[in-house]
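*Asks:* Residues in the sequence shown are numbered consecutively from 107, following our numbering.
The beta carbon of each residue, even a glycine, is placed where N, CA and C say it ideally should be.
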Amino acid sequence: NNFLNPANHVMDFSFELATLILIMLLGHWIEMNALMGAGDALQKMAALLPKTAHLVTDNGETKEVPVSDLKVGQAF
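1) Reducing DSSP to helix, strand and coil, say where residue 147 ends up.
2) Please check the pair residue 173 and residue 157, which I expect to be a contact at CB under 8 Å, by giving their CB distance rounded to whole angstroms.
3) Based on the DSSP output, what are the partners of residue 170 in its beta bridges?
4) Comparing alpha-carbon positions, which option in 130, 154, 170, 141 lies nearest residue 161?
5) I'd like to check one pair, residue 159 with residue 182: are the Cβ atoms closer than 7 Å?
Encoded structure:
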């Protein structure tokens, strides 16, 4: 009878608690790996951005300028 033998309940609870902690740690590890992979992908994409652009001036000519010098409304 399990009611008269509480040791079985304690062992069941301990096993369930340990299993829950293991699953939570595994989920955290998977999440961190996914976040690190996404961060690496973003850095690689940022490296592909151009450093300069061809700006179209008011008289229709183009000149090469750093992307950081571009302003909203300018044609490039």
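*Replies:* With the structure as the only source:
1) Here the question's residue 147 lines up with position 41 in the sequence shown. Residue 147 sits in a helix when the DSSP states are folded into three classes.
2) Translated into the one-based positions of the sequence shown, residue 173 becomes position 67. Translated into the one-based positions of the sequence shown, residue 157 becomes position 51. Contact between residue 173 and residue 157 holds, with the beta-carbon distance rounding to 6 Å and staying under 8 Å.
3) By one-based count along the sequence shown, residue 170 stands at place 64. For residue 170, the pairing in a beta bridge is given by DSSP as 160.
4) The residue given as residue 161 occupies position 55 in the sequence shown. Nearest of 130, 154, 170, 141 to residue 161, Cα basis: 170.
5) On the sequence shown, residue 182 is found 76 positions in, with the first residue counted as 1. On the sequence shown, residue 159 is found 53 positions in, with the first residue counted as 1. Cβ atoms of residue 182 and residue 159: closer than 7 Å.
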